[in-house]
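Asker: Below are the structure tokens for one structure; questions will follow.
Numbering (the working numbering), first residue to last: 144 to 267.
What follows is the structure in structure tokens.
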């Protein structure tokens, strides 16, 4: 599902926006490209120390939208920079092999946001 361009974006630092929504208005939080780990089956793992509002939303509605990008990667028509919109379902994990691997990479994480990707679309 992910293109070479998507993986190229992850090589550069940039802001990742995570949007969730429960019963109230949407909640938006941020992390960094360098914190995203893509599994072999193309799920996204994100270390979480905070993300409490996101977790509360996910318990009500597990759908999330994630945007990320980099100015360093050429987009469509030679545009300087590109970005992606990723949509999927989310859950938080705090045990198991993937949690242990993420804790080793990111010792600050007390949970991991796991996103099962439904779609990934290049925007720019």
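The C-beta atom is built at its ideal place from N, Cα and C for all residues, glycine as well.
Contact check, residue 258 vs residue 231 under 8 Å by CB: the rounded distance?
Answerer: Here the question's residue 258 lines up with position 115 in the chain shown. Here the question's residue 231 lines up with position 88 in the chain shown. With 8 Å as the limit, residue 258 and residue 231 qualify as a contact, their Cβ atoms being about 4 Å apart.
Asker: Considering Cα atoms alone, identify which of 267, 240, 145, 237 is closest to residue 185.
Answerer: Walking along the chain shown from the start, residue 185 turns up at place 42. Closest option to residue 185, Cα to Cα, is 145.
Asker: Starting from the Cα of residue 166, find the closest Cα among 246, 245, 197 and give me that residue.
Answerer: Taking the chain shown and counting its residues from 1, the one referred to as residue 166 is at position 23. Minimum Cα distance to residue 166 is reached at 197.
Asker: Within the region 194-266, note down every full alpha helix (DSSP H) run reaching 4 residues or more, in order along the chain.
Answerer: Whole alpha helix (DSSP H) segments, 4+ residues: 195-203, 240-248.
Asker: Hey, residue 212 and residue 157: beta-carbon distance below 8 Å or not?
Answerer: Counted from its first residue, the chain shown places residue 212 at position 69. Counted from its first residue, the chain shown places residue 157 at position 14. The answer is yes: Cβ separation under 8 Å.
Asker: Give me the residue from 226, 200, 183, 178 with the minimum Cα distance to residue 191.
Answerer: Start at 1 with the first residue of the chain shown, and residue 191 comes out as number 48. Nearest option by C-alpha distance: 178.
Asker: Can you tell which of 248, 249, 170 has its C-alpha closest to the C-alpha of residue 208?
Answerer: The residue labelled residue 208 in the question sits at position 65 within the chain shown. Ranking 248, 249, 170 by Cα distance to residue 208 puts 170 first.
Asker: Measure from the alpha carbon of residue 181 to the alpha carbon of each residue in 222, 199, 255, 205, then state which is nearest.
Answerer: Locating residue 181 in the chain shown gives position 38, where the first residue counts as 1. Ranking 222, 199, 255, 205 by Cα distance to residue 181 puts 255 first.
Asker: Which residues does DSSP pair with residue 188 in a beta bridge?
Answerer: Residue mapping note: residue 188 aligns to position 45 of the chain shown, counting from 1. DSSP, once it has assigned bridges, lists 180, 257 as partnering residue 188.
Asker: Going along the chain, which residues of its own chain have a beta-carbon closer than 8 Å to the beta-carbon of residue 237, five neighbours each way excluded?
Answerer: Taking the chain shown and counting its residues from 1, one reaches residue 237 at position 94. Around residue 237: 253, 254, 255.
Asker: Would you report the Cα separation of residue 161 and residue 267, rounded to the nearest angstrom?
Answerer: Here residue 161 is taken as the residue at index 18 of the chain shown, counted from 1. Here residue 267 is taken as the residue at index 124 of the chain shown, counted from 1. If I take the Cα positions, the gap works out to 18 Å.
Asker: For residue 188 and residue 241, which I take to be in contact (beta-carbon distance under 8 Å), what is that distance rounded to the nearest angstrom?
Answerer: Within the chain shown, the letter at position 45 stands for residue 188. Within the chain shown, the letter at position 98 stands for residue 241. Yes, they are in contact, since the Cβ atoms of residue 188 and residue 241 sit about 6 Å apart, within 8 Å.
Asker: Report the rounded CA-to-CA distance for residue 227 versus residue 233, giving the unit in angstroms.
Answerer: Position 84 of the chain shown, counted from the start, is the residue given in the question as residue 227. Position 90 of the chain shown, counted from the start, is the residue given in the question as residue 233. Whole-angstrom Cα-Cα distance: 18 Å.
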